[in-house]
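Asker:
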Amino acid sequence: MTEHEKNSLKVGILFSAILFLILVFLLRVTFISIYKPDHFISRMISHTDLALRGKIISDDNYTVAENKKIYSLAIIKKYINPNKKDLLINLLSIYTDTPKSILIHRIYDNNLSRVIILKNIPYKIKKNLSYLSNVLTIKKVFLPSKSKIIYGLDIYEEPSIRYYPFKDRLEPVLGYARWNSQHKRVGMGLEKYYDEVLMPKQNGYTKGYRDVRNHIIFDNESIIRPRIDGNNLYLNINLVLQGKIENILDKLKPQMKAQELLAIVMDSKTGKVITIATSNRYNPMHIRKQDIPYLKISHIQYSYEPGSVMKPITLAMLLEHKKVNIYEIINAHNGIFYFKKNFTIYDDEPFKFLNVIQAVIHSSNIVFAQLGLRLTPEEFRSGLLKFGFYQKSGIDLPYEYKGVLFNLRGFKSQIHRASNAFGYAMQVNLVQLVKAYNSFNNNGIMIIPKIAYKYGNIQIPTKKIQVISPTTAQTVLNILRQVVLKGTARATNIPGLFIAGKTGTAKINKNGQYIKGLYNSSFIGFVNDKTHKYTIGVLAIKPDEKRFFASQTAVVVFKNIVETMIEMNMLKPEVDK
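Here our numbering is used: the first residue of the sequence shown is 28, the next is one more, and so on.
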């Protein structure tokens, strides 16, 4: 054999040996990963502490939504000491409040090597089980493995669940958050709007060498990463008032035979929404098929022709453009005005003549149709846009409908302008109306309404806009006070409080036709004492056709709300001395 052949043989043998060693190593790794004999264990052990979604907390410090950690309990059967079975069952039954017969069935009536005994264990019981695990180890209930590791109770964390302790309170505004079957996060309401704020930021993680009890040894080689939960969200909502107003709506809805009753209470100075309630709610932890229509937040997702509540808005625009004198006398046409061919306007109360103040008090469509034509198409449309109509209100809720408003070409039609002047041929939502009206009670300053004021340590800013002059705002407010003293809202008056507002009863249009007996009735108003100013909006959707006027529906709800706020010392009527 030549020297070259000898060298080639040596290289071949060496190469074969290396391949053999690699193959042995791979087989060993594969064997360990599949069969995991007791004596083949990692010296390191790790633990993940799942971060939680942030809490949602009301202004009166009630937690209305939070995630709760849950755990499961498992045991590897072959490590149970045969002589300690009864002790194991007895102690598990005591610590988990589970009947012995159920525990015996779950542990022994199967062929599984590792059995799950309990699921959805709350944190309090988990702490007790951690203590029990140490007790069982001391009492040698579990036998050590070949590697001298004691595999006791296996208490492991499951993905947390979202918990709503007050069930349907504040729904559907509060909404819900969960993972669907496609592992996508879904939600509604505040949970959806503030989803990124509330989402957990970082899971906790610890890693280190294990001791004989299968616990991590914390030393200078350990890895520790802290858990960072999502931000807590803090609301302006007074949950006690919210609950009381929801009870009012629940009581009055069947009496009025309404499809839905809505109410909003907002601080006029700050824009803080302290109540936003509906009669149609659901339990976010148990959503049923019949609850699906209630998922919609009607305060922002129900658009409707508002009717006479738009008259003060029209008046404010006329005053801003100096196109009206509130004392001037206008022809009211004895309650029937043949405005255009095939377009006749009616009033509920017939008058020959009314001044502008009286036209608001008696809610004259005829007078306001004529007044509306004094505004040019540009002035009328831009004025409505300035008040926030046909755009999202800015309230912190998702999926808001912005409503319907003609383009500038549409406003060139006299019929359209006349109709808009008393709240028809346009659509709005209740939050938009409350936001616009609030300027009358706040020196002409319109504020973006906000349900939440802070997440974590970060304040949520709001926006203020001077939409009309303080003089115009005060003039309209004084006239709305007369509506309460002399007009369609007399039932709201309470001595010692400044209450003002406007009723609106509007027909419902379906497919271009106004349906007999179908109405939306609303009242947007204010209630002030010496230190508080509130703007309150109420809407009754499709009440009984026999009592559909706002004075019979929305006004009644408003009065009940104010009386409740007095009972809670949120309003203090001034007593004459």
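Glycine residues also receive a C-beta, built at the ideal position from the N, C-alpha and C atoms. Keep in mind it's a predicted model, so treat the numbers as computed, not measured.
Taking Ser512 as part of the beta strand (DSSP E), name the residues at either end of that continuous run.
Answerer: As a working note, residue 512 is residue 485 in the sequence shown. The sequence shown places Leu at residue 512, not Ser. Premise fails: Leu512 lies in the alpha helix (DSSP H), Pro497 to Lys513, not in any beta strand (DSSP E).
Asker: Who are the near neighbours of His348 in its chain, counting only those whose CB is closer than 7 Å to its CB and skipping five residues on each side?
Answerer: As a first step, residue 348 is located in the sequence shown; it is residue number 321 there, counting from the start. So the qualifying residues of the chain are Leu402 and Glu406.
Asker: Which whole-angstrom value describes the C-beta separation of Ala78 and Asp256, a residue pair presumed to lie in contact below a C-beta threshold of 8 Å?
Answerer: For the purposes of this step, residue 78 is identified with residue 51 of the sequence shown, where counting begins at 1. For the purposes of this step, residue 256 is identified with residue 229 of the sequence shown, where counting begins at 1. 5 Å between Cβ atoms; contact.
Asker: Do you know whose CA, among Gly231, Lys228, Arg196 and Tyr232, lies nearest Gly216's CA?
Answerer: To locate residue 216, count along the sequence shown from 1; it is residue 189. It is Arg196.
Asker: Excluding sequence positions up to five away, which residues of its chain have a Cβ less than 7 Å from the Cβ of Leu345?
Answerer: Position 318 of the sequence shown holds residue 345. If we look at Leu345 and ignore the five residues flanking it on each side, its Cβ neighbours are Val351, Leu398, Arg401 and Leu402.
Asker: Could you pull the start and end residues of the alpha helix (DSSP H) that Phe585 belongs to?
Answerer: For this step, residue 585 is matched to residue 558 along the sequence shown. Taken as a continuous stretch (DSSP letters only), the alpha helix (DSSP H) holding Phe585 covers Ala581 to Glu594.
Asker: Under the three-state reduction of DSSP, which class applies to Ile551: helix, strand or coil?
Answerer: If you number the sequence shown from 1, residue 551 lands on position 524. Three-state DSSP puts Ile551 in a strand.
Asker: Measure the beta-carbon distance from Leu381 to Ile357 and round it to whole angstroms, keeping in mind my assumption that it falls under 8 Å.
Answerer: Your numbering for residue 381 matches position 354 in the sequence shown. Your numbering for residue 357 matches position 330 in the sequence shown. The Cβ separation is near 6 Å, so the contact holds.
Asker: Which value, in whole angstroms, describes the spacing of the CA atoms of Thr532 and Tyr451?
Answerer: Here the question's residue 532 lines up with position 505 in the sequence shown. Here the question's residue 451 lines up with position 424 in the sequence shown. About 11 Å.
Asker: Taking the runs of the alpha helix (DSSP H) that are 4 residues or longer, which of them lie wholly in the segment 405–443?
Answerer: 435–438
Asker: Classify Gly523: buried if its beta carbon has 16 or more other beta carbons within 10 angstroms, exposed otherwise.
Answerer: In the sequence shown, counting from the first residue as 1, residue 523 sits at position 496. The residue is exposed, with fewer than 16 neighbouring Cβ atoms inside 10 Å.
Asker: Looking at the secondary structure, which residues open and close the beta strand (DSSP E) in which Val292 lies?
Answerer: Within the sequence shown, numbered from 1, the residue matching residue 292 stands at position 265. Glu287 to Asp294 is the span of the beta strand (DSSP E), which, as asked, contains Val292.
Asker: Would you be able to state if there are at least three C-beta pairs under 8 Å between the segment 226–240 and the segment 267–278?
Answerer: no
Asker: Assuming Ser73 is part of the beta strand (DSSP E), what are its boundary residues?
Answerer: The residue you call residue 73 lines up with position 46 of the sequence shown. Residues Met71 to Asp76.
Asker: With 16 other CB atoms within 10 Å as the buried threshold, where does Pro488 fall?
Answerer: In the sequence shown, counting from the first residue as 1, residue 488 sits at position 461. Its Cβ having fewer than 16 others within 10 Å, Pro488 is exposed.
Asker: Leu412 to Gln418, Cα distance in whole Å?
Answerer: Taking the first residue of the sequence shown as position 1, residue 412 is located at position 385. Taking the first residue of the sequence shown as position 1, residue 418 is located at position 391. About 8 Å.
Asker: If we call anything under 8 Å between Cβ atoms a contact, is Ala507 one with Lys537?
Answerer: Sequence index remark: in the sequence shown, residue 507 carries index 480 (1-based). Sequence index remark: in the sequence shown, residue 537 carries index 510 (1-based). Checking the sequence shown, residue 507 turns out to be Leu, not Ala. Contact flag unset, no.
Asker: Using the rule of at least 16 other Cβ atoms within 10 Å of the residue's Cβ for burial, across every protein chain shown, is Phe416 buried or exposed?
Answerer: Numbered from its first residue, the sequence shown carries residue 416 at position 389. Flag for Phe416 reads buried.
Asker: How many Å lie between Val224 and Lys82 at the Cα?
Answerer: On the sequence shown, position 197 is the one that residue 224 refers to. On the sequence shown, position 55 is the one that residue 82 refers to. If you take the alpha carbons of Val224 and Lys82, they lie about 10 Å apart.
Asker: Looking at Pro339 and Val503, is the spacing between their C-beta atoms short of 8 Å?
Answerer: Sequence index remark: in the sequence shown, residue 503 carries index 476 (1-based). Sequence index remark: in the sequence shown, residue 339 carries index 312 (1-based). Cβ atoms of Val503 and Pro339: closer than 8 Å.
Asker: When we look at the beta-carbon of Asn263 and count the other beta-carbons within 10 Å, is it buried (16 or more) or exposed?
Answerer: Residue numbering aside, residue 263 sits at position 236 when the sequence shown is read from its first letter. By the 10 Å Cβ count, Asn263 comes out buried.
Asker: Of the choices Ser160, Tyr220, His313 and Asn596, whose alpha-carbon is the least far from that of Ile324?
Answerer: Counting from 1 along the sequence shown, the entry for residue 324 is found at position 297. Nearest C-alpha to Ile324: Tyr220.
Asker: With a threshold of 6 Å on Cβ separation, who are the neighbours of Leu115 within its own chain once the five nearest residues in sequence on each side are excluded?
Answerer: Indexing the sequence shown from 1 puts residue 115 at position 88. Taken in chain order, the residues that qualify are Val168.
Asker: In whole angstroms, what separates the C-alpha of Met592 from that of Leu268?
Answerer: By 1-based counting over the sequence shown, the position of residue 592 is 565. By 1-based counting over the sequence shown, the position of residue 268 is 241. If I take the Cα positions, the gap works out to 8 Å.
Asker: Could you name each continuous beta strand (DSSP E) segment of 3 residues or more that falls completely within the segment 73–124, going from the start of the chain to the end?
Answerer: 90–103
Asker: Which value, in whole angstroms, describes the spacing of the CA atoms of Phe576 and Ser466?
Answerer: In the sequence shown, counting from the first residue as 1, residue 576 sits at position 549. In the sequence shown, counting from the first residue as 1, residue 466 sits at position 439. Going from the Cα of Phe576 to the Cα of Ser466 covers about 26 Å.
Asker: So, does the segment 245–255 touch the segment 275–295, judging by three or more C-beta pairs under 8 Å?
Answerer: no
Asker: Would a C-beta distance cut-off of 8 Å place Lys366 and Ala290 closer than the cut-off?
Answerer: Here residue 366 is taken as the residue at index 339 of the sequence shown, counted from 1. Here residue 290 is taken as the residue at index 263 of the sequence shown, counted from 1. Here the sequence assigns Phe to residue 366, which means Lys is not the residue at that position. No. Outside cutoff.
Asker: If you compare alpha carbons, which of Lys112, Arg141, Leu139 and Ser140 is closest to Ser128?
Answerer: The residue you call residue 128 lines up with position 101 of the sequence shown. Ranking the options by Cα distance to Ser128, first place goes to Lys112.
Asker: Whose C-alpha, out of Lys368, Ala386 and Ala343, is nearest the C-alpha of Ala359?
Answerer: As a first step, residue 359 must be located in the sequence shown, where it is residue number 332. If we check each option's Cα against that of Ala359, Ala386 comes out closest.
Asker: Classify Asn547 as buried or exposed, calling it buried when 16 or more other Cβ atoms lie within 10 Å of its own Cβ.
Answerer: Taking the sequence shown and counting its residues from 1, one reaches residue 547 at position 520. Asn547 is buried by the Cβ-count criterion.
Asker: Please list, in chain order, all residues of the same chain as Tyr482 whose beta carbon is under 6 Å from its beta carbon, the five residues on each side excluded.
Answerer: Counting from 1 along the sequence shown, the entry for residue 482 is found at position 455. The answer, listed in chain order, is Val224, Asn258 and Leu260.
Asker: Would you kindly report the start and end of the unbroken alpha helix (DSSP H) that includes Lys569?
Answerer: Taking the sequence shown and counting its residues from 1, the one referred to as residue 569 is at position 542. It is not in any alpha helix (DSSP H) - Lys569 carries neither H nor E in the DSSP assignment.
Asker: From Gly39, Thr558, Ala500 and His74, pick the residue whose C-alpha is nearest to that of Thr341; which is it?
Answerer: Taking the sequence shown and counting its residues from 1, the one referred to as residue 341 is at position 314. The shortest C-alpha separation from Thr341 is found at Ala500.
Asker: From this set, Gln486, Phe449, Ile472 and Pro600, which residue's C-alpha is nearest Gly334's C-alpha?
Answerer: In the sequence shown, residue 334 corresponds to position 307, counting from 1. Comparing Cα positions, the closest option is Phe449.
Asker: Kindly provide the ranges of any beta strand (DSSP E) runs that are 3 or more residues long and lie completely inside the segment 125–193, ordered along the chain.
Answerer: 141–149 and 181–190
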